[in-house]
Amino acid sequence: MWGAFAPKNLESITGNIKSYISIHFGWWYLLIVSVFVVFCLYMIFSPYGKIKLGKPGSKPDYSYSTWFAMLFSAGMGIGLVFYGAAAPINQFMKTPPTAEPGSTAALNDAMRITFFHYGVHAWGIYAIVALVLAYFKFRHDAPGLISATLKPIFGDKMDGPWGKLIDVIAVFATIVGVATTLGFGAAQINGGFTYLAGIEKQFWIQLVIIVIVTVLYMISAYSGLSKGIRYLSNANMWLAIALFGIMIVIGPTLYIVNSFVDTLGAYVEKITARKLTHFT
Amino acid sequence: MFFWAWWIAWSPFVGIFIARVSKGRTIREFLSGVLLVPSIVSFIWMTTFGMAAIEKQKAGAKLAELPDPQMLFGVFDQFPLSLLMSIIAMMLIGTFFITSADSATFVLGMQTTYGSLEPAKRVKFAWGIAQSAIAAVLLYTGGLQALQNALISATFPFSIIMVLMVYSLYKALRKDKMELEVSKEE
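Taken in sequence, the protein lines are chains A and B. With the working numbering, letter number 263 in the first sequence gets 263, and the count goes up by one each step, no holes. With the working numbering, letter number 2 in the second sequence gets 1002, and the count goes up by one each step, no holes.
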């Protein structure tokens, strides 16, 4: 409410808190994302890896292809279309860490940083939250709430105000995250209209886009998870494959393949060397 | 740092959804699937569109001057079939958009009905309307930036909760494993 009616005031206060955290606790974020990746790798190779996120003998709800399509649509989705070209080129031309903008060194850095930001560290964060929730929910019949996953440490205290607080933070994060996603989506569709038809960025156009999308996703939500999201996720994959297929054929194919191999090599080398400070 | 905070900020939303669709997978299958496959796909995607853009930029196109929402369309414009690619991209943004909003409705419904796996349709309906209304109001007032800052700040306590979640999981798994060894159920 405050944010809606006095945006400038709230923006400067929250902006200050944000920059304080990013200046003084940047190391903490880098540390925990690295620890999460190491923990995930440990779990993959340890005997715990055999434990099922469900009752013994249960089968997965979705086929591999549908599962990957759903993971991908939920985890990256619009962000990938929005930043597919923008993230590398911004790193290359505007904000390379050390190299001269536009130079070959800047190009290598740009792709390497992009890989770092969209790679296993990003997915490791999602994987941790999802793994812990799925384990307690499907194996121990706990409610699917963040607070419920902390019961082995805090016991029944999680049924009280502290547990509520944690769940409220999760709901808040979801609402703001979704508002951001919807904002990105509306801006990107509007950007498409601007480019294709010369229609300028305007609030009412974005509003119309949001209203149309709302009607569509309500229909999808109404049809349930196994119909709506499943069909949509598969549609996303086919559209993404079509777009990628055209681009890789008519685009600079060799240049792309070479860069992919080089960057992937550098990426694997860096993350296994644990020199994370080389990335930021 | 900003990037990590963003992924953490999105993690309750995305994590709850991923958890819901992963029932019945083993931990090994789950982690390899969530960590490796989407990362590789992201890499291929970013290299393809990123290098196409960078090549044209180097050849003299002024792509870096475009605002981010127009960048991709600007890149397409440098190639043949640009209209076709733009139309597919618009459709893709549309379906991604609908998928995200739909899964968010589901996650919010789940979080506010004590973690139910099939939240009632009217709960989802209410959240659906609410989240679009919130997004529209924030776009209108420009309040989105303030809330995003607040969200980034909230990732700090949430990152501590995440560390506790990992510890809690580890604790429960050890107990689970001891029970398994006793009963040999699997």
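Ideal Cβ placement from N, Cα and C applies to all residues, glycine included. Predicted, not measured: the structure shown is a model, and the values here were computed from it.
Interface residues of chain A facing residue i [CB-CB closer than 7 Å]
i: glycine 1015 of chain B; result: Tyr126, Val129, Ala130 and Leu133
i: methionine 1178 of chain B; result: Correct list: empty, because the minimum Cβ distance to chain A is about 12 Å.
Contacts that residue i makes with chain B (C-beta to C-beta distance below 7 Å)
i: methionine 43 of chain A; result: Ile1027 and Leu1031
i: histidine 117 of chain A; result: Phe1003
i: leucine 254 of chain A; result: Within 7 Å Cβ-Cβ: nothing; leucine 254 of chain A doesn't reach chain B, min ~10 Å.
i: tryptophan 290 of chain A; result: Nothing about residue 290 of chain A can be reported from this structure: the residues present for chain A run from 1 to 280 only.
i: serine 281 of chain A; result: In the structure as shown, chain A starts at 1 and stops at 280, and residue 281 of chain A therefore has no counterpart that could be examined.
i: methionine 326 of chain A; result: Because residue 326 of chain A is not part of the residues shown, which for chain A are 1 to 280, the question remains open.
Same chain, Cβ closer than 8 Å to residue i, neighbours up to 5 away in sequence not counted
i: tryptophan 123 of chain A; result: Gly75
i: isoleucine 209 of chain A; result: Gly185, Ala186, Ile189 and Asn190
i: methionine 1110 of chain B; result: Ile1016, Arg1020, Ser1116, Leu1117 and Pro1119
i: glycine 102 of chain A; result: Phe92 and Met93
i: tyrosine 222 of chain A; result: Gly228
i: isoleucine 78 of chain A; result: Thr181, Phe184, Gly185 and Gln188
i: threonine 1026 of chain B; result: none
i: isoleucine 199 of chain A; result: Asn190, Phe193 and Ile205
Limits of the alpha helix (DSSP H) - the one that residue i falls within
i: methionine 158 of chain A; result: Where methionine 158 of chain A is concerned, there is no enclosing alpha helix (DSSP H), given that its DSSP letter is neither H nor E.
i: tyrosine 64 of chain A; result: 64–75
i: tyrosine 118 of chain A; result: 104–118
i: serine 1100 of chain B; result: 1082–1111
i: lysine 1121 of chain B; result: 1121–1141
i: isoleucine 209 of chain A; result: 203–222
i: leucine 232 of chain A; result: 230–250
i: glycine 79 of chain A; result: 78–83
i: leucine 1063 of chain B; result: Where leucine 1063 of chain B is concerned, there is no enclosing alpha helix (DSSP H), given that its DSSP letter is neither H nor E.
i: leucine 31 of chain A; result: 26–45
i: aspartate 1068 of chain B; result: 1068–1076
i: phenylalanine 1003 of chain B; result: 1002–1021
i: proline 88 of chain A; result: 86–93
Own chain partners of residue i with C-beta closer than 7 Å, once the 5 adjacent residues on each side are dropped
i: methionine 111 of chain A; result: Pro88, Ser259 and Thr263
i: phenylalanine 1002 of chain B; result: none
i: alanine 106 of chain A; result: Phe92, Pro96, Ala99 and Glu100
i: leucine 145 of chain A; result: Asp167
i: valine 129 of chain A; result: none
i: lysine 1056 of chain B; result: Leu1063, Val1075 and Gln1078
Residues that residue i contacts on chain B, provided the C-beta gap is smaller than 8 Å
i: valine 81 of chain A; result: Leu1072, Ala1089, Leu1092, Ile1093 and Phe1096
i: alanine 266 of chain A; result: Those do not exist, as alanine 266 of chain A stays about 12 Å from chain B at its closest Cβ, beyond 8 Å.
i: methionine 235 of chain A; result: Note that residue 235 of chain A is alanine in the sequence shown, not methionine. Here the neighbours are Thr1095.
i: valine 176 of chain A; result: Ala1009, Leu1147, Gln1148, Ala1150 and Leu1151
i: alanine 240 of chain A; result: Trp1045 and Leu1092
Counterpart residues of residue i in DSSP-defined beta bridges
i: lysine 52 of chain A; result: B:Thr1026
Beta-carbon proximity list for residue i, same chain, < 6 Å, skipping 5 on both sides
i: tryptophan 1010 of chain B; result: none
i: cysteine 40 of chain A; result: Gly124 and Ala127
i: phenylalanine 68 of chain A; result: none
Contact set between residue i and chain A, taken where Cβ atoms lie within less than 8 Å
i: glycine 1024 of chain B; result: Lys52, Leu53, Gly54, Ser58, Lys59, Pro60, Asp61 and Phe138
i: glycine 1060 of chain B; result: Here the premise fails: no neighbours, minimum Cβ distance about 11 Å.
Note to self: Whether or not the region 190–207 of chain A and the region 1067–1082 of chain B are in contact is what I'm after, with contact meaning three or more pairs of Cβ atoms, one per stretch, closer than 8 Å; do they touch?
What the structure shows: yes
Note to self: I want to know whether the region 160–176 of chain A touches the region 1138–1152 of chain B - three or more CB-CB distances under 8 Å.
What the structure shows: A contact exists between the region 160–176 of chain A and the region 1138–1152 of chain B.
Notebook entry, point to check: Is it a yes or a no for the region 246–254 of chain A touching the region 1079–1092 of chain B, going by three-plus beta-carbon pairs under 8 Å?
Noted result: yes
Next item on the list: Tell me, please, whether the region 60–67 of chain A touches the region 1022–1039 of chain B by the rule of three or more beta-carbon pairs shorter than 8 Å.
Entry: yes
Margin query: I'd like to know if the region 200–209 of chain A and the region 1151–1171 of chain B are in contact, where contact means that at least 3 CB-CB pairs between them fall below 8 Å.
Written below: no
Notebook entry, point to check: Does the count of Cβ pairs from the region 153–160 of chain A and the region 134–144 of chain A closer than 8 Å reach three?
Noted result: no
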